[in-house]
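First residue of the sequence shown: 310, per the numbering used here; consecutive thereafter.
We treat Cβ as the ideally placed atom computed from N, Cα and C, and that holds for glycine.
Working notes for the structure below.
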Amino acid sequence: MVVKGPAPAGPLACPGAFRYEVAGMEPIRVFVCDDAPAFRDLLRLALEQDGALAIVGEADDGAHLEDIAAARPDVVLLDVSMPRLGGLEALPRVRELAPAARIVVLSSFGADEMGAAALDAGADRYVDKRESFARIREVVRELGAR
310 MVVKGPAPAG
320 PLACPGAFRY
330 EVAGMEPIRV
340 FVCDDAPAFR
350 DLLRLALEQD
360 GALAIVGEAD
370 DGAHLEDIAA
380 ARPDVVLLDV
390 SMPRLGGLEA
400 LPRVRELAPA
410 ARIVVLSSFG
420 ADEMGAAALD
430 AGADRYVDKR
440 ESFARIREVV
450 RELGAR
């Protein structure tokens, strides 16, 4: 693995984010949208342990997605329950801003019902937040490798 320095400064900068190259391949670019700072921090750490993944942007609410188009993510992780605009409501806007991105909806309640609602709303995958970070990482790698 070769680490090529810190991510660019500015609106897309994420603390501790690095651009990774593994075996000459570009990393899977991930944008995280979740209102819980502690969860975002843990998720960032878990994803960045995988040299094939790079966090390219974050938002703390579905209403704050303006940076997503410039970030050009391969995968967007979108929390269902956020204060101003929840994930299911934000999903069409995410599709508009990042049409090529695969969208994973995350939630920690009502897995069966919420999973069905997320897929019906256009998500590519639903993952229960109570599953391990390794499971989330696995889904990101699977969807980002297309």
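Under 8 Å: do the segment 397 to 406 and the segment 346 to 358 share three or more Cβ pairs, one atom per stretch? For the pair of segments examined, the segment 397 to 406 was found not to touch the segment 346 to 358: the number of CB pairs separated by less than 8 Å stays below three.
If you reduce the DSSP assignment to three classes, tell me which class L415 lands in. Of the three classes helix, strand and coil, the one that applies to L415 here is strand, per DSSP.
Exposed unless 16 or more other CB atoms sit within 10 angstroms - verdict on E367: Looking at its Cβ environment, which holds 16 or more other Cβ atoms inside 10 Å, E367 is buried.
Using the three-state DSSP reduction, which class does V311 fall into: helix, strand or coil? Bear in mind that a pLDDT of 32 at V311, under 50, signals an unreliable position, so the number given afterwards is only what the model happens to contain. Strand.
Closest Cα partner of L406 within the set A361, A378, D369: Among A361, A378, D369, the Cα nearest to that of L406 belongs to A378.
Mark R338 as exposed unless 16 or more other C-beta atoms lie within 10 angstroms of its C-beta, in which case mark it buried. That one is buried.
Which partner residues of G366 appear in the DSSP bridge assignment? Within the DSSP bridge table, the entry for G366 names F340 as partners.
Rounding to the nearest angstrom, what Cα-Cα distance links G424 and S416 in this structure? About 9 Å.
Host alpha helix (DSSP H) of L352 (start-end): Taken as a continuous stretch (DSSP letters only), the alpha helix (DSSP H) holding L352 covers 346 to 357.
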